[in-house]
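Novice:
Residue numbers (my numbering): 3 to 189.
1. So, are the CB atoms of residue 54 and residue 77 less than 8 Å apart?
2. Could you tell me the alpha carbon to alpha carbon distance between residue 19 and residue 67, rounded to whole angstroms?
3. Would the C-beta of residue 23 count as close to the ligand ZN, meaning under 7 Å from any of its heavy atoms?
4. Can you tell me whether residue 31 is buried or exposed, with buried defined as 16 or more other CB within 10 angstroms of its CB?
5. Mapping the DSSP letters down to three states, classify residue 36 as helix, strand or coil.
6. Quick check on DSSP: helix, strand or coil for residue 1?
7. Count the other CB atoms within 10 Å of the CB of residue 41; is the residue buried (16 or more) or exposed (fewer)?
8. Leaving out the 5 sequence neighbours to the left and right, which residues in its chain are closer than 6 Å to residue 81 when beta-carbon positions are compared?
9. Check whether the Cβ atoms of residue 71 and residue 157 lie closer than 8 Å to each other.
10. Return the residue from the list 93, 57 and 91 that minimises the CA-CA distance to residue 83.
11. Could you tell me the alpha carbon to alpha carbon distance between residue 62 and residue 69, rounded to whole angstroms?
12. How would you call residue 100, buried or exposed, if buried means at least 16 neighbouring beta carbons within 10 angstroms?
13. Measure the CB-CB distance between residue 142 and residue 44 and report whether it falls below 8 Å.
14. Taking the alpha-carbon positions, what's the residue 170 to residue 123 distance?
15. Looking at the secondary structure, which residues open and close the alpha helix (DSSP H) in which residue 173 lies?
16. For residue 159, which residues of its own chain have a beta-carbon under 6 Å away from its beta-carbon, when the five flanking residues on both sides are left out?
17. For chain D, find out if any of its Cβ atoms is closer than 8 Å to the Cβ of residue 22; answer yes or no.
18. Based on Cα-Cα distance, which residue from 163, 164 and 177 lies nearest to residue 137?
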């Protein structure tokens, strides 16, 4: 593999599935931070997100040959990551998790240079993080897939192996909770 030329994930997946170790290492290098961010958004805990990231990478290695190329690789990988994060959350659902305000900044560092804008952004992120922390991990996963991938409830249900009705109910409850927590009026 040529380490200089950027490769599409699809080409890397095909090469890695065919046994190219360098291609797999490149996939891991290219996608590890995105996987972590997806897992963190569901779990809201750094150590758990790291564990779910590791599990996702193991699943990726196991399932490389199953990706058909019909959908986008990032969507396929995000589904694996969200499922792994939910699986971890279900196993550890009774374990309380403190939130570390600096964790979200590591995932999404501020891009503004103006100090006032950075402080305003940090305050908004903290409000969103606090509101998201009131949701269950399953609700967070549903909200992430709805807002970040613009998936319909039946598509989310298919990705998470949940009944569509449950997804609609959980999404409605989660959004109402977020609106209430963030001080927005019911639309």
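Where a beta carbon is used, it is the ideal one built from N, C-alpha and C, also for glycine.
Specialist: On the basis of the coordinates in this document:
1. Here residue 54 corresponds to residue number 52 of the chain shown, with the count starting at 1. Here residue 77 corresponds to residue number 75 of the chain shown, with the count starting at 1. No. Outside cutoff.
2. For the purposes of this step, residue 19 is taken as residue 17 along the chain shown, with counting starting at 1. For the purposes of this step, residue 67 is taken as residue 65 along the chain shown, with counting starting at 1. Their Cα atoms are separated by approximately 5 Å.
3. Looking for the ligand ZN in the displayed structure turns up nothing, as the structure carries no ligands at all.
4. Position 29 of the chain shown, counted from the first residue, corresponds to residue 31. That one is exposed.
5. Here residue 36 refers to the residue found at position 34 of the chain shown. Correct three-state label for residue 36: helix.
6. Beyond the ends of the chain as shown, which are 3 and 189, falls residue 1; an answer cannot be given.
7. The residue given as residue 41 occupies position 39 in the chain shown. Flag for residue 41 reads buried.
8. Counted from its first residue, the chain shown places residue 81 at position 79. These residues qualify, in order along the chain: 161.
9. On the chain shown, position 69 is the one that residue 71 refers to. On the chain shown, position 155 is the one that residue 157 refers to. No.
10. Taking the first residue of the chain shown as 1, we reach residue 83 at position 81. Closest by C-alpha distance to residue 83, out of 93, 57 and 91, is 57.
11. The residue given as residue 62 occupies position 60 in the chain shown. The residue given as residue 69 occupies position 67 in the chain shown. Going from the Cα of residue 62 to the Cα of residue 69 covers about 10 Å.
12. If you number the chain shown from 1, residue 100 lands on position 98. Note that residue 100 scores 49 on pLDDT, short of 50, meaning its location in the model is unreliable; the coordinates nonetheless yield the value given after this. Residue 100 is exposed by the Cβ-count criterion.
13. One-based indexing of the chain shown puts residue 142 at position 140. One-based indexing of the chain shown puts residue 44 at position 42. By the CB criterion at 8 Å, residue 142 and residue 44 fall inside the cutoff.
14. One-based indexing of the chain shown puts residue 170 at position 168. One-based indexing of the chain shown puts residue 123 at position 121. When rounded, the distance between both Cα atoms is 30 Å.
15. Here the question's residue 173 lines up with position 171 in the chain shown. It spans 166 to 184 - the alpha helix (DSSP H) in which residue 173 sits, taken as one unbroken run.
16. Taking the first residue of the chain shown as position 1, residue 159 is located at position 157. Cβ neighbours of residue 159 beyond the five flanking positions: 166 and 169.
17. Protein chain content of the structure displayed is limited to a single chain, and chain D is not contained in it.
18. Taking the first residue of the chain shown as 1, we reach residue 137 at position 135. Checking every option, the nearest Cα to that of residue 137 belongs to 177.
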